[in-house]
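Q: Right, I'll just put the structure down here and ask away after.
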Amino acid sequence: ESLLLGSIEEVISQITLSDSLLQKVARELKYRHVSQHKHYSASIKELRREYDVIDNKLGMWWERLVDDRIEPEKYDIIVQTLTKRQEAVNDKLDILTKGNKDFLLTCSYLLDLANRAEELFKNGNEAQRSKLLSFLLSNSTLNDKKLTIAVNYPYSELIPLNRKPPEGGNSAIWCG
81 ESLLLGSIEE VISQITLSDS LLQKVARELK YRHVSQHKHY SASIKELRRE
131 YDVIDNKLGM WWERLVDDRI EPEKYDIIVQ TLTKRQEAVN DKLDILTKGN
181 KDFLLTCSYL LDLANRAEEL FKNGNEAQRS KLLSFLLSNS TLNDKKLTIA
231 VNYPYSELIP LNRKPPEGGN SAIWCG
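Its first residue numbered 81, the sequence shown is counted upward by one per residue in our numbering.
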């Protein structure tokens with residue numbers, strides 16, 4: 081453990097975002113969220129409109145069936161086709177709604193972890209440290225008392241950022 085702890089703590093300190101970089105990332109995420117929210121809202125509105133159109137068609141076909149203007153077999157085929165399309169629209173609505181919520185939660189968790197990784201590792205018990213390491217690192221190997229660490233994405237993207245000079249953080253390269 082003594083051989084590995086220094087290397088692990090060094091990597092975790094490279095993952096931890098500075099306050100200035102954290103503010104830049106938060107601003108960019110807010111901007112991207114607004115853009116994403118506009119896209120989701122427009123998509124949801126269009127899908128709801130499509131759902132309503134299908135619903136109106138179903139009502140129209142029902143009236144034709146009741147008025148004996150269509151055969152029941154043909155009605156069944158049409159209703160089956162329309163309800164399948166309505167189910168597909170509902171599935172897309174669910175995905176869009178869940179995607180928007182997941183984006184916000186994931187960003188929040190990733191930023192919190194990137195901001196507090198060092199603190200969490202230093203103050204955590206063995207189980208918490210292990211969980212943190214399994215989340216941040218993968219495929220780490222020990223060869224001749226030398227630890228090779230692979231940092232998981234997106235935290236691997238933070239290491240080069242923390243090595244740049246402060247003015248280098250003004251570019252938008254980190255946004256990728």
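Where is the CB? At the ideal position from N, CA and C, for every residue including glycine.
Could you give the DSSP three-state label for F178: helix, strand or coil?
A: By one-based count along the sequence shown, residue 178 stands at place 98. Here residue 178 is Lys; the residue named in the question, Phe, does not match the sequence. Residue state, collapsed to three classes: helix.
Q: How far does the alpha helix (DSSP H) with K137 in it reach, from first residue to last?
A: Along the sequence shown, one-based indexing puts residue 137 at 57. Per DSSP, K137 belongs to the alpha helix (DSSP H) from 99-146.
Q: I'd like to check one pair, L138 with L173: are the Cβ atoms closer than 8 Å?
A: The sequence position of residue 173 within the sequence shown is 93, counting from 1. The sequence position of residue 138 within the sequence shown is 58, counting from 1. Going by C-beta atoms, L173 is not nearer than 8 Å to L138.
Q: Among all the DSSP beta bridges, which residues are the ones paired with N223?
A: Working through the sequence shown from its first residue, we reach residue 223 at position 143. According to DSSP, which records beta bridges pairwise, N223 is partnered with K226.
Q: Might you give, ordered along the chain, the residues of its own chain that have their beta carbon closer than 6 Å to the beta carbon of L97, omitting 5 neighbours on each side?
A: Taking the first residue of the sequence shown as 1, we reach residue 97 at position 17. A194, N195, listed in sequence order.
Q: What number of angstroms, rounded off, separates the C-alpha of S93 from the C-alpha of E108?
A: On the sequence shown, position 13 is the one that residue 93 refers to. On the sequence shown, position 28 is the one that residue 108 refers to. About 23 Å.
Q: Among residues of its own chain, excluding the 5 on either side of I150, which ones have a beta-carbon nearer than 6 Å to its beta-carbon?
A: Residue mapping note: residue 150 aligns to position 70 of the sequence shown, counting from 1. Once the five neighbours on either side are set aside, the close Cβ partners of I150 are R144.
Q: Between the segment 228-238 and the segment 209-219, do three or more beta carbon pairs fall short of 8 Å?
A: In short, these stretches touch, since the Cβ pair count reaches three.
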